[in-house]
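**Q**
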Amino acid sequence: MPTRFTTGLLRWLVLAALALGPTMAKAGDFATLESYGFSPDGQVYAFGQSGIHDGSGFPYAEIFFLDLAEDRFIAPSPIRVRLDDENATLDMAREEARRRAAPLFAEHDPRPEAGLLVFAKPATELSDDPHRARFLPRAIAPSPDRPVELRIETLSLAGPSHCGDFGETVGYRLVQIAADPGAMARLVHEDTSIPDSRGCPLDYSIAEVRVLERPDGGFAAVAIIAVEQVGFEGPDLRYIANPVPMD
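What follows is the structure, encoded as structure tokens:
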């Protein structure tokens, strides 16, 4: 059954095709997600996104360092680069973002090989439920770990004033479902407002979950949330991250 996420995408593509008629159909900008990994102590997670802006045609690249315990970005991230030059390339934008983030990489030493990708659902995947992720924290059989389940729900919230022209905007709630009978579900995150950095969000899905077995015991985990938002030529896709408690 189509979800609101996929239905919204199809709606945008159909409208774009109708508007353009016999010309080449255009679509929104789906950012490329890149995981830079956890710091060795599991206290920090770093990731990036990049692409070609669908309105200007200019390349952009962004890098985020997330303090998992505090659920906050580590300054000077988020680092956002857009090269407003028709001769600029995507590689140039990525290199500039990495240059600006060099002190953060040096201090926190994120490692792409650290941790395990335990759940992944790219935007092209049309099966199953994009609002649900169920996984084990380690690749061990038979597993000594209990499954973890996350669910994401949308919340009707007002976005920036210009968003009213594009329909309802939404925030999200991320919940960790109780694993055992009688246990309580855990609220991981709930929006009370929509930050300007999200633009005009229309829907959310769980794109990835990554887990690191910390050297001092226990797990560090992060969920990457895909944000469908209003774009210039169709829906854009961007990524945000939430720490996931695993104790």
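First residue of the sequence shown? That's 205 in our numbering, and the numbers climb one at a time after it. Quick reminder that beta carbons are idealized off the backbone N, C-alpha and C, glycines included. In this text the structure is predicted, and so the values were computed from the model without any measurement.
Looking at the secondary structure, which residues open and close the beta strand (DSSP E) in which A297 lies?
**A** Where A297 is concerned, there is no enclosing beta strand (DSSP E), although the alpha helix (DSSP H) it sits in stretches over L294 to R304.
**Q** Within its chain, find whatever has a CB closer than 6 Å to the CB of R284; leave out the 5 residues flanking it on each side and keep chain order.
**A** Correct list, in chain order: E266.
**Q** Smallest Cα separation from F269: which of F262, A411 and Y249?
**A** Y249
**Q** Apart from the five residues on each side of it in sequence, which residues of its chain come closer than 6 Å, Cβ to Cβ, to A301?
**A** A265, I267, I283 and V285
**Q** Which residues in the same chain have their Cβ closer than 7 Å to the Cβ of Y240, if we skip the five residues on either side of it in sequence?
**A** A250, F251, G252, P314 and P316
**Q** When you compare only the Cα positions, how much space is there between M205 and N291?
**A** Low confidence applies here, because M205 scores a pLDDT of 47, under 50, leaving its location unreliable; read the following figure in that light. If I take the Cα positions, the gap works out to 43 Å.
**Q** Starting from H393 and walking both ways along the beta strand (DSSP E), at which residues does that stretch end?
**A** R390 to E394
**Q** What is the residue span of the beta strand (DSSP E) that T236 lies within?
**A** T236 to F242
**Q** Decide if T358 is buried, meaning its Cβ has at least 16 other Cβ atoms within 10 Å, or exposed.
**A** buried
**Q** How would you call S409, buried or exposed, if buried means at least 16 neighbouring beta carbons within 10 angstroms?
**A** A residue is called buried once 16 or more other Cβ atoms fall within 10 Å of its Cβ, and S409 is buried on that count.
**Q** Buried or exposed for S254, going by 16 or more other Cβ atoms inside 10 Å?
**A** Under the 10 Å beta carbon count, S254 is surrounded by 16 or more other beta carbons and is classified as buried.
**Q** Going by beta-carbon coordinates alone, are L340 and P348 separated by less than 7 Å?
**A** no
**Q** Going by DSSP, what residue range makes up the beta strand (DSSP E) through P263?
**A** P263 to D271
**Q** Please report the residue range of the beta strand (DSSP E) in which N446 lies.
**A** P439 to P447
**Q** Taking 7 Å as the CB-CB limit, is V415 close to chain C?
**A** Included in the structure is just one protein chain, with no chain C present.
**Q** Kindly indicate which three-state DSSP category L359 falls into: helix, strand or coil?
**A** strand
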